[in-house]
Each structure stands twice: as C-alpha cells, then as structure tokens.
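For reference, the structure discussed in these notes is given below.
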Amino acid sequence: MITTVEPGGAVHGMTASSVTSVSLDPPLVLVVIGEERESHVLIETTGRFGMSILETGQTDIAKHFATPPESRGEINARHITTLSGTPVIANAIAAMDCRVTAAHEAGDHTVFIGEVEAIAVGAGEPLVWFQRQFGGFTEGR
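In the numbering used here, each number is its position in the sequence shown, counted from 1, plus 3.
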C-alpha cells in the first residue's frame, strides 16, 4: 500500500503490486509506479511516500485503493495515521515513511527508491495478492 499527500493535505493511496526491500544499511525500499498514475505525480512532487504492509483483516482497504480514484469515494479517516508527517495505514503490520533518493525510468513506469526514515512494526498475518485474489500467507507452505 503506497500513500502520499495531495495538494491541500488530502491522503492519496494506491495498492501497489511491485514493492521490495533493496538494502538494510541504509534501509531502502522500492516501488514501481506507472507514469499515468496520480501517485506518480504526487511522489515526484513531494519526494516522499508511505509504504504499509497490510494485515489480512485489511482487505477492504486494499480493495479501496485498488479502485480508480474517480470510482472509490473517500477513505474513512480511522484507517489513516501519520508517521513523521507521511500518511500510512493505521494498524498495518508495518508502516514506513520514505524519502525518495532516486527515480529511474523503466518503460512506462518509474522505479522510485525510498530511504526509510521512520518505521512502525505491528503484529499479524500479512495480506498478499496471489492468483488474482487477496489472501493470507501460511509459513512453511
């Protein structure tokens, strides 16, 4: 789950399919976002993004942000919190406040690399997307 701030302070988010850890020292993550996405412009403009690893009970949030912005309506504010000023998803298994350190064009997408400046870690089972559906992860399978 990738979150940013729109001009005026509204929270903008998207359910991202391409996110990964890059480095432990310094802590770096990457997200790949299509150039046509509103999130792309907002991350370029602000130089920041929040990354949240959702819990299996947060499928509704993942589906909300996977829906095109013009069709989804507003997210309930109780689902949002901030980490050092960057919006993240409340009660996520992990939430990171990231500062963009590099951006690389890759076809019609951009690979944004973010340095994790703050992190909050919770507990729970991670929500995953597999075979076109949301589900949980079972260790050892």
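Just so it is clear, CB atoms sit at the ideal spot from N, CA and C, and this is done for glycine as well.
Please state if the CB of residue 6 and the CB of residue 55 are separated by a distance shorter than 8 Å.
yes
Contact between the segment 122–136 and the segment 32–46: three or more CB pairs below 8 Å?
no
State the Cα-Cα distance for the pair residue 10 and residue 26, rounded to the nearest angstrom.
31 Å
According to DSSP, residues forming a beta bridge with residue 37:
112
Buried or exposed (CB count within 10 angstroms, at least 16 for buried), residue 136:
exposed
Do residue 96 and residue 139 have their CB atoms nearer than 8 Å?
no
Residues in its own chain within less than 8 Å of residue 39 by CB, not counting five upstream and five downstream?
111
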